[in-house]
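Those protein sequence lines, which keep their order, are chains Z and C. Anchor point for the first sequence: position 237 equals 237 in the numbering used here, and the numbering is continuous, going up by one each time. Anchor point for the second sequence: position 39 equals 1039 in the numbering used here, and the numbering is continuous, going up by one each time. Only one structure is covered here, and it is reproduced in the block below.
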Amino acid sequence: MNVVNGIGLEDVAGYAAAVRARLADLGREQVEDLTDDLEVDLADALADERHAGHGASLVEQFGTPEVYAAELRAAAGLAPAQAAARTRLRDALGAPWRALVTVLRRLLGELRGLSWWAPVEGFLVALRPLWWVARGWVIFELVGRGTGLHGSQIVWVPRDLATGVLFVLCVVPSVQFGRRRWLQGRWQRRLAMWANLVAAVAVLPMIGWLQGQSLWNQTYLDPVTYSAAPGDGVWVDGMQVSNLFVYDRDGEPVLDAQLYDDRGRPVRTTTDDGSAEWWFPDSDEPWSFVGRADADGRQRWNVYPLQGAPSSRFTFDELGNRRLPSGTEPLTPPWPFAKAPALEASGHDGADAPEQPGASDQPGASGQPDAGASPDGGPAGGEDDGTAPGSEAPDAAPDGATGAEDATAPDAPGVTSAEGRPADAGPQVTSP
Amino acid sequence: MDTTQLLKGVLDLAVLAVVADEDGYGYDVVRRLRSAGLEEVGDASVYGTLRRLYSSGALTSYVVPSDEGPHRKYYGINAQGRAMLAAQHKDWQEFAGTMARLLGEEGQR
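Quick look at the structure:
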């Protein structure tokens, strides 16, 4: 028996709720006391064939809920409803909201008095559907995150079936409410208005937060992005290189070679200015590197091989920078080979070298196959003599060059042997 | 003359009399009052009166479970209610007699 003479039980429930609302100031217990059988009594009355207003609507039969409540109240010997008492709580809760609405209404009234406002308002009204979707999206984000459906992922748009269903469940009611098709009941409207307010407040922080999360993920979680933009440094076979070792045409180690790229920029393997620790093969502990001061006193980090020392030998200054204690000289790290394969000596020197730009400033080098210094200065000096690298190269070159014959041999191997690099590594490589 | 005004003064008595006759639930009391000829009685007035009489201790109340529909709250009269009924009954008879005499004398003129 859900319907009595065309009046559904929902009507009875609504009527009873309205009556209870008019009694709300009495306190919950007393309202329950007064009305606990209200629905039953109303339904009985409706079902009673002999009832005076049989078949009429609830309001026709019983009067408005206000009248009904007043009658109930008077018969029960209770004071008539006091408007102030009844709405005290609602006033307290709704006062800020009503104040805001009043201010906004007044503002809107003043704006409407301005000539330029009408087209602006028309434009904003046209954008309303956009807000309906955005509102649904915000609710989607809040619910998805609140229920853990999104997990730790950044979900701008639905990615799978579950989030897709949730998205539809959020956006469609939002749009339908905006079109005044759904959620038009009294309480539904109230709920929807609150959701609207929450969405309006949350939309910008939400976007900002998601943006921040995405950025964070790209920076720290996405290895592809990281390796795609390695920054400074030299990479070989997917691995960052800590040091470079230069050998001359005879395969002899070259000390203090300065490297520049094709645009004249110093080639740096490390960008930590000596603060980091690096491991390399055949070392038992990490090393840290020190820069080389050039003639102008600037620290240079493109002079190879980089010199340094095992990190444990460093001390820290007041600023927290790594320093070698005074009296400790930086060491050259072990060379990968005591000697690299020598280049084919013929042909190049006589015919091709004069054509090369590098060879022009070293005329003597081309004539002397033995002088290992010349290739050293060649690449560094590059295009012309006047530049700083060009002028330095000859300075550095003689050091390495003079040693290339005799002195370098004890020098470089001296370090390598200390680190356990066998001296016979050279012959092995050079043999072919 | 609007009998609802008259009814207000004697509704307590009428409700007590109906319940004293037999225990009843809300609408049952309304129906019996109407059957007895008080057609103008308002539903809410009866429910409010039942509640007030119960609160003042003149009625007892108990819930009867129902297999078909919702549970119903029944009201019954107790000793205090019977005393109240007797007193009011007496008052009413005196008042009604006074009115009858008054109206009778008026009518005889």
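Ideal Cβ placement from N, Cα and C applies to all residues, glycine included.
Cβ-based burial, Z:Met239 [other Cβ within 10 Å; buried from 16]: By the 16-neighbour rule on beta-carbons within 10 angstroms, Z:Met239 is exposed.
Proximity test, Cβ basis, 8 Å: C:Ser1045 and chain Z: Interface residue, yes.
Identified DSSP bridge partners for Z:Phe289: Z:Phe289 has Z:Gly308 as its beta-bridge partners, per DSSP.
Z:Leu244 beta carbon less than 8 Å from that of Z:Thr269: If you check the CB distance, Z:Thr269 and Z:Leu244 come in under 8 Å.
6 Å CB neighbourhood of C:Gln1088 in its chain, flanking five on each side removed: Answer for C:Gln1088: Leu1013, listed in chain order.
For C:Pro1070: DSSP bridge partner residues: DSSP output for C:Pro1070 lists no bridge partner at all.
Interface residues of chain Z facing C:Arg1052 [CB-CB closer than 9 Å]: For a Cβ distance threshold of 9 Å, residue set Ala75, Ala76, Gly77 and Leu78 of chain Z lies close to C:Arg1052, ordered along the chain.
Listed by chain order, chain C residues near Z:Asp44 by CB distance under 7 Å: Those within 7 Å of Z:Asp44 in chain C are Tyr1027.
Chain Z contact residues for C:Arg1072, given Cβ-Cβ distances below 8 Å: Per Cβ cutoff of 8 Å: Asp37 and Val40.
Below-8 Å beta-carbon distance, Z:Glu443 vs any chain C residue: There is simply no residue 443 of chain Z to check, as chain Z begins at 1 and stops at 432 in what is shown.
For Z:Asn196 and Z:Leu142, the rounded distance between their alpha carbons: The straight-line gap from Cα to Cα measures roughly 13 Å.
Residues of its chain near Z:Leu38, where Cβ-Cβ distance is below 8 Å and the 5 sequence neighbours each way are ignored: These residues qualify, in order along the chain: Ala16, Val19 and Arg20.
Residue from Z:Trp209, Z:Gln211 and Z:Pro173 with nearest C-alpha to Z:Met193: Considering only alpha carbons, the answer is Z:Pro173.
Contact check, C:Leu1050 vs C:Leu1059, beta carbons under 8 Å: Taking 8 Å as the Cβ cut-off, C:Leu1050 and C:Leu1059 qualify as a contacting pair.
Chain C within 8 Å of Z:Leu72, Cβ atoms only: Chain C contact via Cβ: present.
DSSP bridge partner residues for Z:Phe316 (one or two, in chain order): Paired residue(s): Z:Arg322.
Min CB distance Z:Leu183 to chain C below 8 Å: The C-beta of Z:Leu183 comes no closer than 8 Å to any C-beta of chain C.
Test: C:Thr1004 CB closer than 8 Å to a CB of chain Z: By this cut-off, C:Thr1004 is not an interface position.
Proximity test, Cβ basis, 8 Å: Z:Leu34 and chain C: Cβ-Cβ to chain C under 8 Å: yes for Z:Leu34.
Close Cβ partners of Z:Ala74 (< 8 Å) along its chain, the five nearest in sequence each way excluded: Only Pro80 meet the Cβ criterion.
DSSP three-state assignment for Z:Asp76, whether helix, strand or coil: Per the sequence shown, residue 76 of chain Z should be read as Ala rather than Asp. Three-state DSSP puts Z:Ala76 in coil, outside helix and strand.
The segment 332-341 of chain Z touching the segment 280-290 of chain Z, judged by at least three CB pairs closer than 8 Å: Yes, they touch.
Backbone secondary structure at C:Gly1009 - three-state DSSP: Helix at C:Gly1009.
Z:Gln258 (DSSP reduced to helix, strand or coil): Strand, per DSSP.
Neighbouring residues, chain C, relative to Z:Tyr15 (Cβ below 7 Å): By Cβ distance, chain C contributes nothing, its closest Cβ being about 12 Å from Z:Tyr15, past 7 Å.
Best match in Z:Lys339, Z:Val241, Z:Gln61 and Z:Val198 for proximity to Z:Gly251 [C-alpha to C-alpha]: For the set Z:Lys339, Z:Val241, Z:Gln61 and Z:Val198, the Cα lying nearest the Cα of Z:Gly251 is the one of Z:Lys339.
Validate contact between the segment 1070-1080 of chain C and the segment 1016-1025 of chain C using beta carbons, cut 8 Å, 3 pairs: In short, these stretches touch, since the Cβ pair count reaches three.
Cβ separation of Z:Asp41 and C:Asp1043, assumed to be a contact under 8 Å, to the nearest whole Å: Indeed they touch by this definition, with Cβ atoms about 7 Å apart.
Within chain C, partners of Z:Asp11 - CB distance below 7 Å: The contacting residues do not exist; Z:Asp11 stays about 16 Å from chain C at best.
Z:Gly212, buried or exposed, once every other Cβ within 10 Å from all chains shown has been counted against 16: So Z:Gly212 ends up on the exposed side.
Interface flag, C:Thr1060 vs chain Z, CB-CB below 8 Å: Judged by the 8 Å Cβ criterion, C:Thr1060 is not in contact with chain Z.
Counted within 10 angstroms of its Cβ, other Cβ atoms place C:Met1099 as buried (16 or more) or exposed: So C:Met1099 counts as exposed.
Beta carbon proximity, C:Arg941 to chain Z, threshold 8 Å: With chain C running from 1001 to 1109 in the structure shown, residue 941 of chain C is simply not present.
Nearest-angstrom Cα separation, counted from Z:Leu183 out to Z:Val157: Approximately 25 Å, taken between the alpha carbons.
Contact the segment 103-111 of chain Z vs the segment 132-148 of chain Z: 3+ CB pairs below 8 Å: Segments in contact, no.
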